[in-house]
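Worksheet: one structure, shown below.
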Amino acid sequence: MSPFVEVCRYKPLPPFQCPCRSSPTNPLILPKLSSNLRLLCSSHPRFNRISLNRRFITAVARVESDHLGDDGNSKKEEERVKEVKSRSQFKKRVVFGLGIGLSVGGVVLAGGWVFTLALAAAVLLSAREYFELVRSKGIAQGMTPPPRYLSRVCSVICALMPILTLYFGHIDIAVTSSAFVVAMALLLQRGRNPRFSQLSSTMFGLFYCGYLPCFWVKLRCGLTSPVVGRSWPVLLGGQGHWSVGLVAILVSFCGIIASDTFAFLGGKAFGKTPLISISPKKTWEGAVAGLVGCITVTVLLSKSLSWPQPLVSTIAFGVLNFLGSVFGDLTESMIKRDAGVKDSGSLIPGHGGILDRVDSYIFTGALAYSFVRLHGV
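First residue of the sequence shown: 69, per our numbering; consecutive thereafter.
In structure tokens:
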């Protein structure tokens, strides 16, 4: 026989209607409660009552012999709840992932100002999340974050960089003018002396969230020479001759998606050896699976889209996409680890923030553009 506390939730009852006909002979022992719950206990000769934020629950103490295994049952119930929650989270990831993928595919095919403005919107949201991470408690304890007004100005500047890149055709003017504006804003702030930590975190934000994404604009909109045409896009209502930039960006995007997917599945099935301490869930087995998946998809898609590269160059392009994806992912993991948060935001259900979704693409754009330019395509 062991005392069992049954907690029921219903409206308060008068003492004569309480299920207890007599006060319990054994004292009612409650577990250790958190002060944040604000639980108040009140005793009565006929019943015990616990109030929680103006709502009432009644605890009835009784002795039952069939509740000896409640600890095991509660653990099973917790596991079942976790499994249901995990499935629900996975469904959200799949649904929103497919929606985002289709939207991004349409924007990439459209190109021009449609692609650039969509990228600028993503950059604005990513920059806002980055500067919120910089101002978080975990990072701000060891450094002086930039002023909030400067963070907002830098977010807008980052969003303008892709637009200026498309308009002027290169990134130099956008980067130089942005760095000048930020440095002057720090030097002229009132009542405070500028700190090096403010300058370094702000400049890295401009580089990370503004400068690097501009290479996707240069890749998609700057390389307009056509590749050998295929008949199957025409059958689907598309273009018969696609530009080098369009083919390169499609191959890169699909390679990154394959890298993330195969790395997740490979790590789930075979992962045993940790890859790096800043991201404990990543394993070497998952990384190898991601590399193989990225190269495979890159080769197959390059052949389907008539990518004018030999097999060795195509494999090298897949390796670059994989390395850029992993490096971008680990960089954001390092920032989040210092900030003490799991996700950069909660904008996308099941995925976290926008920065959680685009981290693999940030460095890859510069690598992909440099590869295509160096090979003279």
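We put the beta carbon where it would ideally sit given N, CA and C, even for glycine.
If we call anything under 7 Å between Cβ atoms a contact, is Asp406 one with Gly420?
-> Numbered from 1 along the sequence shown, position 338 holds the residue referred to as residue 406. Numbered from 1 along the sequence shown, position 352 holds the residue referred to as residue 420. Against a cut-off of 7 Å, the Cβ pair of Gly420 and Asp406 comes out as no contact.
Determine, using beta-carbon pairs with one atom in the segment 339-356 and one in the segment 393-403, whether at least three such pairs fall under 8 Å.
-> Touching, yes, given that three or more Cβ pairs across the two stretches are closer than 8 Å.
Val387 to Leu255 span [Cα, whole Å] = Translated into the one-based positions of the sequence shown, residue 387 becomes position 319. Translated into the one-based positions of the sequence shown, residue 255 becomes position 187. Answer to the nearest angstrom: the Cα atoms are 43 Å apart.
Take the Cβ of Gly361 as the centre, count every other Cβ of all protein chains shown within 10 Å, and call the residue buried at 16 or more, exposed below.
-> Taking the first residue of the sequence shown as position 1, residue 361 is located at position 293. Answer is buried; the Cβ neighbour count reaches 16.
With a cut-off of 8 Å, do at least 3 Cβ pairs link the segment 207-221 to the segment 278-287?
-> No, because fewer than three Cβ pairs between the segment 207-221 and the segment 278-287 fall closer than 8 Å, the two stretches do not touch.
Grab me the residues of Gly354's own chain with a C-beta within less than 6 Å of its C-beta, minus the 5 sequence neighbours each way, in chain order.
-> Within the sequence shown, numbered from 1, the residue matching residue 354 stands at position 286. Cβ within range, chain order: Ala331, Gly334, Gly335 and Gly339.
DSSP bridge partner residues for Ser347 (one or two, in chain order) | Start at 1 with the first residue of the sequence shown, and residue 347 comes out as number 279. Residue pairing for Ser347: DSSP places it in a beta bridge opposite Ile344.
Would you kindly work out how many angstroms separate the C-alpha atoms of Pro378 and Leu166, rounded to a whole number?
-> In the sequence shown, the residue the question calls residue 378 occupies position 310. In the sequence shown, the residue the question calls residue 166 occupies position 98. For Pro378 and Leu166, the gap between their C-alpha atoms comes out near 32 Å.
Cβ contact (3+ pairs, closer than 8 Å) linking the segment 308-319 and the segment 423-431 | These segments do not touch.
Give the straight-line distance between the Cα atoms of Thr364 and Thr270, rounded to the nearest whole angstrom.
-> For this step, residue 364 is matched to residue 296 along the sequence shown. For this step, residue 270 is matched to residue 202 along the sequence shown. Roughly 38 Å separates the two Cα atoms.
Check the Cβ-Cβ distances between Ser246 and every residue of chain B, and say whether any is below 7 Å.
-> Checking the listed chains, one finds no chain B in this structure; it contains a single protein chain.
Note the first and the last residue of the continuous alpha helix (DSSP H) segment covering Met402.
-> Here residue 402 corresponds to residue number 334 of the sequence shown, with the count starting at 1. Note, Met402: alpha helix (DSSP H), Leu379 to Ala407.
Among residues of its own chain, excluding the 5 on either side of Ala253, which ones have a beta-carbon nearer than 7 Å to its beta-carbon?
-> Position 185 of the sequence shown, counted from the start, is the residue given in the question as residue 253. Closer than 7 Å at the Cβ level, and outside the excluded window around Ala253, lie Leu218 and Val221.
For the alpha helix (DSSP H) that Lys336 lies in, which residues bound it at each end?
-> Here residue 336 is taken as the residue at index 268 of the sequence shown, counted from 1. Note, Lys336: alpha helix (DSSP H), Val312 to Phe338.
Can you grab the Cα-Cα spacing for the pair Ile383 / Thr366, in whole Å?
-> Taking the sequence shown and counting its residues from 1, the one referred to as residue 383 is at position 315. Taking the sequence shown and counting its residues from 1, the one referred to as residue 366 is at position 298. Going from the Cα of Ile383 to the Cα of Thr366 covers about 7 Å.
Can you name, in chain order, every residue of its own chain whose Cβ lies under 7 Å from the Cβ of Ser265, other than the five neighbours on each side?
-> Within the sequence shown, the letter at position 197 stands for residue 265. Cβ within range, chain order: Met211 and Thr212.
Local conformation of Gly421 per DSSP, three classes | Taking the sequence shown and counting its residues from 1, one reaches residue 421 at position 353. Assigned with DSSP and collapsed to three states, Gly421 falls in coil, not helix or strand.
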